[in-house]
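One structure below.
Numbering (full-length UniProt numbering), first residue to last: 1 to 94.
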């Protein structure tokens, strides 16, 4: 499900307000997914092979958003942020 975002954290750690204007048909939505147990074993029943260990890893994508300017004006800015988009299962030996 795609959800509207109201705040995003910029790459420098600053929280920014996302511009949403549904009355003008301008709504910014993304689909977010976070790992419930990052770095924990995954698919342990299916991938139980000697010498291999599986682990969950959070994946991120870059997204561009129109946000309110930080100078208190009614101006807007475009910023790019990293957001969690999926949890994937990886493996390593040992």
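By construction, the Cβ of each residue, glycine as well, lies at the ideal position given by its N, Cα and C atoms.
For residue 37, the CB contacts under 7 Å within the same chain, skipping 5 residues up- and downstream, are 56 in chain order. DSSP lists 61 as the bridge partner or partners of residue 83. Annotated three-state conformation of residue 48 is coil, per DSSP. At least 8 Å separates the beta-carbon of residue 17 from that of residue 77. In this structure, the beta-carbon distance from residue 54 to residue 35 does not fall below 8 Å.
For residue 8, the uninterrupted beta strand (DSSP E) run begins and ends at 7-9, by DSSP. If you draw a straight line from the Cα of residue 83 to the Cα of residue 48, it is about 31 Å long. For secondary structure counted as the alpha helix (DSSP H) over 4 or more consecutive residues, the region 1-42 holds no complete run. Judged by DSSP in its simplified three-state form, residue 70 adopts coil rather than helix or strand.
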